[in-house]
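In the working numbering, the protein residues as written are 139 to 393.
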């Protein structure tokens, strides 16, 4: 098979992967919010459904690498394309770049859809809690704070009775789901930049981005994530340094 024929088949394959990937995510955008509401914002069901979709999308991305190494690479070599030549590297990098772009897109999509779900969930739980929170003395309705994950005191404007707000099981159960999702959304741009920098090294097959630069960018991501969590639940401030050290040590050991 000639170089041009092989190139055309490779380009067509990559385009089909890209189109199929977007088709999977497009269906998700319609189905997942409906499922979340239909199950009364049940987080486990939502996460399981997303995991199935994530696996489909990830499998499509993996096919790029698999197809290159199983079939396409040798077909290019059989067309008298020299291994390591500029043309060869350009064709190989088409696949690498599409993989990276789709992985970045999948991450962005995941963060956005969990952010939207978390906001809906928080709004629903707050509304439910507001219906039940009233003054123990005069029964007047009392407002529920946006940060309703912890107990707090609330003074009734009518009779000045000091009431204790208790978040209850439902609020506590969604804490990890919602707070982490909103933290990831706040830090997303830093995560994507970090992955872009790593990819530059991968594509060049050398460290054009230094280890210190990677660590600095990753630290921005972690700091933004942790600070957003503190903004939602101030109690997390007490463990900020411990959480930061823990998450940074993982990266330092890895790279």
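Backbone N, C-alpha and C define an ideal beta-carbon position, used for all residues, glycine too.
Apart from the five residues on each side of it in sequence, which residues of its chain come closer than 8 Å, Cβ to Cβ, to residue 285? Here the question's residue 285 lines up with position 147 in the chain shown. Only 370, 371 and 372 meet the Cβ criterion.
To the nearest whole angstrom, what separates the beta carbons of residue 356 and residue 389, a pair I think is in contact under 8 Å? Taking the first residue of the chain shown as position 1, residue 356 is located at position 218. Taking the first residue of the chain shown as position 1, residue 389 is located at position 251. Rounded to the nearest angstrom, the Cβ distance from residue 356 to residue 389 is 5 Å, consistent with a contact under 8 Å.
Just to confirm before moving on: does the CB-CB distance between residue 309 and residue 362 stay below 7 Å? Here residue 309 corresponds to residue number 171 of the chain shown, with the count starting at 1. Here residue 362 corresponds to residue number 224 of the chain shown, with the count starting at 1. Not in contact: residue 309 and residue 362 (Cβ atoms no closer than 7 Å).
Can the beta-carbon of residue 374 be found less than 7 Å from the beta-carbon of residue 328? For this step, residue 374 is matched to residue 236 along the chain shown. For this step, residue 328 is matched to residue 190 along the chain shown. No, the Cβ-Cβ distance between residue 374 and residue 328 is not below 7 Å.
Helix, strand or coil at residue 231 according to DSSP, with G and I counted as helix: The residue labelled residue 231 in the question sits at position 93 within the chain shown. Here residue 231 sits in helix by DSSP.
Would you call the segment 226-240 and the segment 200-214 touching, i.e. three or more CB-CB distances under 8 Å? They touch, by the three-pair rule.
Starting from residue 193, follow the alpha helix (DSSP H) in both directions and report where the run begins and ends. On the chain shown, residue 193 is found 55 positions in, with the first residue counted as 1. For residue 193, the uninterrupted alpha helix (DSSP H) segment begins and ends at 181-205.
Run through DSSP, which three-state label would residue 296 get? By one-based count along the chain shown, residue 296 stands at place 158. When DSSP states are grouped into helix, strand and coil, residue 296 belongs to the coil group.
Residue 365 - containing alpha helix (DSSP H), residue span: Against the chain shown, residue 365 aligns to sequence position 227. Per DSSP, residue 365 belongs to the alpha helix (DSSP H) from 349-370.
What are the start and end residues of the alpha helix (DSSP H) that includes residue 216? The sequence position of residue 216 within the chain shown is 78, counting from 1. Counting along the chain, the alpha helix (DSSP H) containing residue 216 begins and ends at 211-216.
Restricting to Cα atoms, I'd like to know which of 250, 343, 292 and 347 is closest to residue 321. Within the chain shown, numbered from 1, the residue matching residue 321 stands at position 183. Measuring from the Cα of residue 321, the nearest candidate turns out to be 250.
Could you tell me the distance, in whole angstroms, from the CA atom of residue 317 to the CA atom of residue 165? One-based indexing of the chain shown puts residue 317 at position 179. One-based indexing of the chain shown puts residue 165 at position 27. Residue 317 and residue 165 have their C-alpha atoms roughly 26 Å apart.
Using 8 Å as the cut-off, can you tell me whether the segment 191-199 makes contact with the segment 147-163, which would need three or more C-beta pairs spanning the two stretches below that distance? Three or more beta-carbon pairs separated by less than 8 Å link the segment 191-199 to the segment 147-163, which places the two stretches in contact.
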